[in-house]
Ligand SMILES: [Fe+2]
Ligand SMILES: [Fe+2]
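In our numbering, the protein residues as written are 18 to 167.
Have a look at this one:
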């Protein structure tokens with residue numbers, strides 16, 4: 018499978034988790050329950066971002082550079098990672114919910130940028146064979162870091 022399609026499929030899994038977290042926030046679920054779901058999300062999302070950082074992005078040097086789209090994606094990965102760990106450690110109920118709301122906004126925007134801009138660019142730059150080889154590297158990495166599901 019092309020790496021871009023494999024990553025899109027994972028975005029759909031994480032988006033379903035975002036939707037569930039939105040519903041939990043809306044119904045006022047308690048903080049321990051929110052943190053438990055966030056831990057499952059983080060266990061899948063952080064390796065996903067590292068796979069992009071380590072496998073896809075280095076194959077796209079023309080999109081690199083300080084002001085290029087990959088720099089933005091990497092910054093957002095860091096923002097998501099720090100938000101997720103902040104939620105895990107945050108003792109204050111209202112603050113943890115506020116950080117979670119922000120993570121859900123940033124996460125959705127991040128997936129939209131990848132799905133609608135970065136991955137189509139990658140599919141223009143790399144041919145199907147190269148995308149398939151990167152997809153095989155992705156699958157190999159996922160065998161040792163399986164995607165967690167709710
Ligand atoms: Fe990403
Ligand atoms: Fe992604």
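Backbone N, C-alpha and C fix where the C-beta goes; we use that ideal spot for every residue, glycine too.
Item	Value
Going by the CB atoms, is the gap between residue 113 and residue 73 shorter than 8 Å?	no
Answer yes or no: do residue 155 and residue 28 have a C-beta to C-beta separation smaller than 8 Å?	no
From residue 88 to residue 46, what does the alpha carbon distance come to, in whole angstroms?	36 Å
Please report how far the alpha carbon of residue 120 lies from the alpha carbon of residue 150, in whole angstroms.	31 Å
With a threshold of 7 Å, establish whether the CB of residue 12 neighbours any heavy atom of ligand 1.	With the chain covering 18 to 167 only, the question about residue 12 has no answer from this structure.
With residue 148 and residue 52 assumed to form a contact (beta carbons below 8 Å), what rounded beta-carbon distance in angstroms separates them?	Incorrect: roughly 37 Å between the Cβ atoms, too far for contact.
Kindly indicate which residue of 95, 117, 102, 101 has the alpha-carbon position closest to the one of residue 40.	117
Kindly provide the ranges of any beta strand (DSSP E) runs that are 3 or more residues long and lie completely inside the stretch 70-106, ordered along the chain.	none
My assumption, with CB atoms under 8 Å, is that residue 91 sits in contact with residue 70. Please give the rounded CB distance.	6 Å
Does the separation of the CB atoms of residue 25 and residue 132 fall below 8 Å?	yes
Three-state secondary structure (DSSP) at residue 61?	helix
Measure the alpha-carbon distance for residue 159 versus residue 108 and round it to whole angstroms.	32 Å
Can you find a heavy atom of ligand 1 that lies under 7 Å from the Cβ of residue 90?	yes
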